[in-house]
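There are 2 protein chains.
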Amino acid sequence: MNERLILVTNDDGYDSKGLAAAVEVARGFGRVVVVAPETTQSGMSQAITMYNPLYLRRVREEEGLEIYAFSGTPVDCVKMAFDYLLRDERVDLVISGINHGSNSAVNVLYSGTMGAAIEGSFYSCPAVGLSLDDHRDDADFDAAVVYGKQIVGDILAAEVELPLCLNVNVPVGRPETIKGIRLCRQNRGFWREEFYRHEDPRGREYFWLTGEFVNGEPGAEDTDEWALANSYVAVVPVQTDLTDYRQLKNLGNVLK
Amino acid sequence: MNERLILVTNDDGYDSKGLAAAVEVARGFGRVVVVAPETTQSGMSQAITMYNPLYLRRVREEEGLEIYAFSGTPVDCVKMAFDYLLRDERVDLVISGINHGSNSAVNVLYSGTMGAAIEGSFYSCPAVGLSLDDHRDDADFDAAVVYGKQIVGDILAAEVELPLCLNVNVPVGRPETIKGIRLCRQNRGFWREEFYRHEDPRGREYFWLTGEFVNGEPGAEDTDEWALANSYVAVVPVQTDLTDYRQLKNLGNVLK
Chain A
1352 MNERLILVTN
1362 DDGYDSKGLA
1372 AAVEVARGFG
1382 RVVVVAPETT
1392 QSGMSQAITM
1402 YNPLYLRRVR
1412 EEEGLEIYAF
1422 SGTPVDCVKM
1432 AFDYLLRDER
1442 VDLVISGINH
1452 GSNSAVNVLY
1462 SGTMGAAIEG
1472 SFYSCPAVGL
1482 SLDDHRDDAD
1492 FDAAVVYGKQ
1502 IVGDILAAEV
1512 ELPLCLNVNV
1522 PVGRPETIKG
1532 IRLCRQNRGF
1542 WREEFYRHED
1552 PRGREYFWLT
1562 GEFVNGEPGA
1572 EDTDEWALAN
1582 SYVAVVPVQT
1592 DLTDYRQLKN
1602 LGNVLK
Chain G
1352 MNERLILVTN
1362 DDGYDSKGLA
1372 AAVEVARGFG
1382 RVVVVAPETT
1392 QSGMSQAITM
1402 YNPLYLRRVR
1412 EEEGLEIYAF
1422 SGTPVDCVKM
1432 AFDYLLRDER
1442 VDLVISGINH
1452 GSNSAVNVLY
1462 SGTMGAAIEG
1472 SFYSCPAVGL
1482 SLDDHRDDAD
1492 FDAAVVYGKQ
1502 IVGDILAAEV
1512 ELPLCLNVNV
1522 PVGRPETIKG
1532 IRLCRQNRGF
1542 WREEFYRHED
1552 PRGREYFWLT
1562 GEFVNGEPGA
1572 EDTDEWALAN
1582 SYVAVVPVQT
1592 DLTDYRQLKN
1602 LGNVLK
């Protein structure tokens, strides 16, 4: 039996606490290669680096684990792994995360973690984005590791149809306080920003994004936001055909 | 009658040729405010700037037109416009573009132009992303302007249902060579990268993304890729619920 190969990436950077937690999830299932950003890439969505050269650095290697840092975005890391470093190998799964902060609802669109997971799912293997609903530096990743292992195990054991990309969000709390896994749809909502304004030391005004999430359907029990708020692990399968089929019908009467 | 207010942004930067073409489209329909990136932001997807302060610069103003440059991503520009500069006004439409290069098929996911258009559609007005299938510096935007005006005119004249976000891609060629508008779905496909490798002047190896698009359904006449290749303007309505409803059903048997 060939050993499985798992690619791990994230958007918080190769040396983040959440990446170590993702490696812990992955190592139970096979050999692990990490290709993760040199620097924090939160909010980078599915961005790619078009106008800059990128540098790859081998950070360290031990039995069953190789870690590389790449100077690009999370999606660049996935491309570097599949199209260069591992191009002659078969990758069985991509894990992206574990993110410091949830990527539920519309956050899936802005998330570098999910950008990388989506990109991974383009390479004929399942991809799982793992996020913990806790931004704190001392966030407790135990529950995310427990449920990450369970979900990855189930995916690898089953004959899943491809493409498959999961957006997994784990609530704050110890593993025993979590009620289980819920398959959900993406909650509708949006962000409204308050731009923090201040003057820099040279007297130039600057702005800083500080937003607030507006939940468009707070009572909807089949959504990821509801699951998270009610101590469930929210699992949303994600696809990338953005076509609005409803509007496609409507517009026949609008565009001449 | 109140004059309409149109927000224009892009990902190629406030002083690009394509932006001037988008302003030409917009000015026929009302007062225009441009908030566009200071620098090129191609491939920035729906990225937001979380860890840097952002600077806003008023570039110039003339009758019915104000132009601002913002140091962030295309999505940052849209947020700056709606949540700060224009927060007390009603914006009737967002135009993002006109992009140098098409954003058909899976490119919608990586595109800063479409990231901004999608973000615009979160603010209770229609949003139109315009792209021209020509990367050259001397690209001819005439056809994109002609069809951009037609589509924007139709959208503003109709009582369109919201949210509405259009991904409009215009083929290369003079306006008279184009066969008309086709409503399409997003073509399935993906990119495979060839990393260009070279050594920098200090002897460090670097990589540069150079990809090739793989069309997953080359014969499908209802897709944007087919329309573009056959001299039609491709119009794909775009939505942002990424839930994979098919997999949502399948996974009930996989995740315990």
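Chain order of the listed sequences is A and G. Its first residue numbered 1352, the first sequence is counted upward by one per residue in my numbering. Its first residue numbered 1352, the second sequence is counted upward by one per residue in my numbering. Note that CB positions come from ideal geometry on N, CA and C, so glycine has one too. Computed from a prediction, not measured in an experiment: that's the story for all the values here.
7 Å Cβ cutoff met for residue i and residue j
{"i": "residue 1445(A)", "j": "residue 1495(A)", "result": "no"}
{"i": "residue 1590(G)", "j": "residue 1595(A)", "result": "yes"}
{"i": "residue 1377(A)", "j": "residue 1449(A)", "result": "no"}
{"i": "residue 1356(G)", "j": "residue 1442(G)", "result": "yes"}
{"i": "residue 1447(A)", "j": "residue 1360(A)", "result": "yes"}
{"i": "residue 1546(A)", "j": "residue 1558(A)", "result": "yes"}
{"i": "residue 1391(A)", "j": "residue 1363(A)", "result": "yes"}
{"i": "residue 1459(G)", "j": "residue 1593(A)", "result": "yes"}
{"i": "residue 1556(A)", "j": "residue 1550(A)", "result": "yes"}
{"i": "residue 1526(G)", "j": "residue 1493(G)", "result": "yes"}
{"i": "residue 1486(A)", "j": "residue 1524(A)", "result": "no"}
{"i": "residue 1395(A)", "j": "residue 1424(A)", "result": "yes"}
{"i": "residue 1358(A)", "j": "residue 1432(A)", "result": "yes"}
{"i": "residue 1470(G)", "j": "residue 1503(G)", "result": "no"}
{"i": "residue 1480(A)", "j": "residue 1490(A)", "result": "no"}
Length of the line joining the Cα atoms of residue i and residue j
{"i": "residue 1462(G)", "j": "residue 1428(A)", "result": "18 Å"}
{"i": "residue 1499(G)", "j": "residue 1511(G)", "result": "17 Å"}
{"i": "residue 1418(A)", "j": "residue 1393(A)", "result": "20 Å"}
{"i": "residue 1366(A)", "j": "residue 1606(A)", "result": "51 Å"}
{"i": "residue 1354(A)", "j": "residue 1397(A)", "result": "30 Å"}
{"i": "residue 1464(G)", "j": "residue 1540(G)", "result": "19 Å"}
{"i": "residue 1399(G)", "j": "residue 1588(A)", "result": "23 Å"}
{"i": "residue 1568(G)", "j": "residue 1579(G)", "result": "14 Å"}
{"i": "residue 1515(G)", "j": "residue 1482(G)", "result": "17 Å"}
{"i": "residue 1387(G)", "j": "residue 1383(A)", "result": "41 Å"}
{"i": "residue 1466(A)", "j": "residue 1505(A)", "result": "23 Å"}
{"i": "residue 1570(A)", "j": "residue 1577(A)", "result": "7 Å"}
{"i": "residue 1436(G)", "j": "residue 1434(A)", "result": "43 Å"}
{"i": "residue 1409(A)", "j": "residue 1440(A)", "result": "18 Å"}
{"i": "residue 1597(A)", "j": "residue 1553(A)", "result": "51 Å"}
{"i": "residue 1497(A)", "j": "residue 1457(G)", "result": "34 Å"}
{"i": "residue 1455(G)", "j": "residue 1370(G)", "result": "19 Å"}
{"i": "residue 1473(G)", "j": "residue 1562(A)", "result": "14 Å"}
{"i": "residue 1349(A)", "j": "residue 1509(G)", "result": "No information on residue 1349(A) is available, as it lies outside the stretch 1352 to 1607 that chain A covers here."}
{"i": "residue 1415(A)", "j": "residue 1380(A)", "result": "11 Å"}
{"i": "residue 1603(A)", "j": "residue 1475(G)", "result": "21 Å"}
{"i": "residue 1430(A)", "j": "residue 1385(A)", "result": "13 Å"}
{"i": "residue 1501(G)", "j": "residue 1374(G)", "result": "14 Å"}
{"i": "residue 1488(A)", "j": "residue 1560(G)", "result": "33 Å"}
{"i": "residue 1548(A)", "j": "residue 1572(G)", "result": "50 Å"}
{"i": "residue 1411(A)", "j": "residue 1411(G)", "result": "52 Å"}
{"i": "residue 1566(G)", "j": "residue 1600(A)", "result": "25 Å"}
{"i": "residue 1528(A)", "j": "residue 1368(A)", "result": "22 Å"}
{"i": "residue 1542(A)", "j": "residue 1413(A)", "result": "42 Å"}
Residue-level contact to chain D via CB, residue i, 7 Å cutoff
{"i": "residue 1472(A)", "result": "No chain D is present in this structure, whose protein chains are A and G."}
Stretch pair the region 1516 to 1528 of chain A + the region 1400 to 1418 of chain G: three plus CB contacts closer than 8 Å: no
Near-chain A residues of the region 1587 to 1606 of chain G (beta-carbon distance less than 7 Å), N- to C-terminal order: Within the region 1587 to 1606 of chain G, contact with chain A at the beta-carbon level (separation under 7 Å) is assigned to 1587, 1588, 1589, 1590, 1591, 1592, 1593, 1594, 1595, 1598, 1599, 1601, 1602, 1603, 1605, 1606.
Contact the region 1532 to 1551 of chain G vs the region 1578 to 1585 of chain G: 3+ CB pairs below 8 Å: yes
Secondary structure, alpha helix (DSSP H): runs of 4+ residues fully inside the region 1384 to 1433 of chain G: 1425 to 1431
Segments assigned beta strand (DSSP E), at least 3 residues, entirely inside the region 1499 to 1535 of chain A: 1516 to 1521, 1532 to 1534
Within the region 1529 to 1607 of chain G, ranges of the alpha helix (DSSP H) (whole runs, at least 4 residues): 1575 to 1580, 1596 to 1601
Residues within the region 1393 to 1417 of chain A neighbouring chain G, beta-carbon criterion of under 9 Å: 1393, 1394, 1395, 1396, 1397, 1398, 1399, 1400, 1401, 1402, 1403, 1404, 1405, 1406, 1407
Contacting positions in the region 1354 to 1368 of chain G - beta carbon closer than 8 Å to chain A: Taking 8 Å as the Cβ-Cβ cut-off against chain A, none of the residues of the region 1354 to 1368 of chain G qualify.
Interfacial residues, the region 1507 to 1523 of chain A to chain G, with Cβ spacing under 7 Å: 1509, 1511, 1512, 1515
Continuous beta strand (DSSP E) assignments of at least 3 residues falling wholly in the region 1429 to 1484 of chain G: 1444 to 1451, 1478 to 1483
The region 1552 to 1564 of chain A: positions lying closer than 7 Å to chain G by Cβ: 1555, 1557, 1558, 1559, 1560
Near-chain A residues of the region 1476 to 1509 of chain G (beta-carbon distance less than 8 Å), N- to C-terminal order: 1501, 1502, 1505, 1506, 1509
Cβ-based contacts, 9 Å cut-off: residues of the region 1424 to 1443 of chain G near chain A: Cβ contacts with chain A come from 1424, 1426, 1427, 1430, 1431, 1433, 1434, 1435.
Residues of the region 1370 to 1388 of chain G whose Cβ lies closer than 9 Å to any Cβ of chain A, in chain order: none
Interfacial residues, the region 1572 to 1587 of chain G to chain A, with Cβ spacing under 7 Å: Cβ contacts with chain A: 1586, 1587.
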